[in-house]
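Step one of this worksheet: look at the structure below.
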Amino acid sequence: MKNIVILISGRGSNMQAVVKAQIPNARIAAVLSNNETAAGLAWAAQRNIATDSLSHKNFDSRLAFDEAMMRKIDAYQPDLVVLAGFMRILTPEFCRHYEGRLINIHPSLLPAFTGLHTHRRAIDAGCRIAGCTVHFVTPELDCGPIIAQGAVPVSDHDTADTLAARVLEAEHLILPQAVADFVGGRLKISGSRVIRNTGAQLDARLLA
Ligand code: GAR
674 MKNIVILISG RGSNMQAVVK AQIPNARIAA VLSNNETAAG LAWAAQRNIA TDSLSHKNFD
734 SRLAFDEAMM RKIDAYQPDL VVLAGFMRIL TPEFCRHYEG RLINIHPSLL PAFTGLHTHR
794 RAIDAGCRIA GCTVHFVTPE LDCGPIIAQG AVPVSDHDTA DTLAARVLEA EHLILPQAVA
854 DFVGGRLKIS GSRVIRNTGA QLDARLLA
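Just so you know, the sequence shown maps onto residues 674 to 881 in the numbering used here.
Right, dumping it as structure tokens:
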């Protein structure tokens, strides 16, 4: 069994998608948040998953918060830490501590649109295709080796909200698959690239 710790800041729909996928050999050891009122924490607690929170507002520096969060995470001996809507910029110390076992879901087709407001920016740029990316986390924001991507069309009538909803459906497919591939030992980092050995697909739509 591989221990997975998931970090969230709010709703937690990506975390829910990972839990619901019931990934073989994966145990969701804990769901942690920087926001004690994150809706996803209550959802996980109802399913008897360990939950905890630590408010960044109680710390003087980014590093002090990250170090305290690392202590909480490490108590669960994670094989993999998943950032699923964890809205914090991480220190290099945090990234290095979990190097090769820290992944993030980002709501754009990286390397386009790192950072925030990705859907508004994709629409304003006239993109016809938008999407999401799962990547290994490195100290440079939203720049680590790409594991998986999901693409969706952008319509002329899209608002940032309608596009976000369409992208979110793709997020819920690629994040559980990326976790399953990691747990199944199918991901290998080669320089800046991730090589994925073919294996079981959780969802037939990913083969389309
Ligand atoms: C998701 O769209 C995720 O890609 C995004 O936050 C949302 C969280 O939703 N993450 C980022 O923007 C990270 N920079 P969720 O809480 O329902 O999973």
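Just so it is clear, CB atoms sit at the ideal spot from N, CA and C, and this is done for glycine as well.
So is residue i buried or exposed if we call it buried at 16+ other beta carbons inside 10 Å?
| i | result |
| --- | --- |
| G758 | buried |
| T724 | buried |
| T811 | buried |
| T806 | buried |
| P780 | buried |
| M742 | buried |
| I776 | buried |
| E844 | buried |
| T882 | Residue 882 is absent from the model: the chain starts at 674 and stops at 881. |
| L736 | exposed |
| I762 | exposed |
| D834 | exposed |
| A715 | exposed |
| I847 | buried |
| L880 | exposed |
Please find out if some non-hydrogen atom of the ligand GAR comes closer than 7 Å to the beta-carbon of residue i.
| i | result |
| --- | --- |
| S686 | yes |
| L860 | no |
| G713 | yes |
| H779 | yes |
| E844 | yes |
| G758 | yes |
| I746 | no |
| L841 | yes |
| I681 | yes |
Indicate, with yes or no, if the ligand SAH has a heavy atom lying under 7 Å from the CB of residue i.
| i | result |
| --- | --- |
| C805 | Ligands displayed in this structure: the ligand GAR; the ligand SAH is not among them. |
DSSP beta-bridge partners for residue i?
| i | result |
| --- | --- |
| I681 | S706 |
| Q822 | T806 |
| H770 | For H770, which the question treats as bridged, DSSP gives no partner whatsoever. |
| L775 | V754 |
| I701 | I677 |
Meets three-Cβ-pair contact criterion under 8 Å: the stretch 682-696 and the stretch 731-749 | no
Spell out a yes or no on whether the stretch 779-796 and the stretch 823-834 are touching, meaning 3 or more CB-CB pairs, one atom from each, closer than 8 Å.
-> yes
At least 3 beta-carbon pairs within less than 8 Å: the stretch 689-697 vs the stretch 850-863 = yes
Quick one: any contact between the stretch 707-720 and the stretch 860-878, if contact means 3 or more CB pairs under 8 Å?
-> Touching, no.
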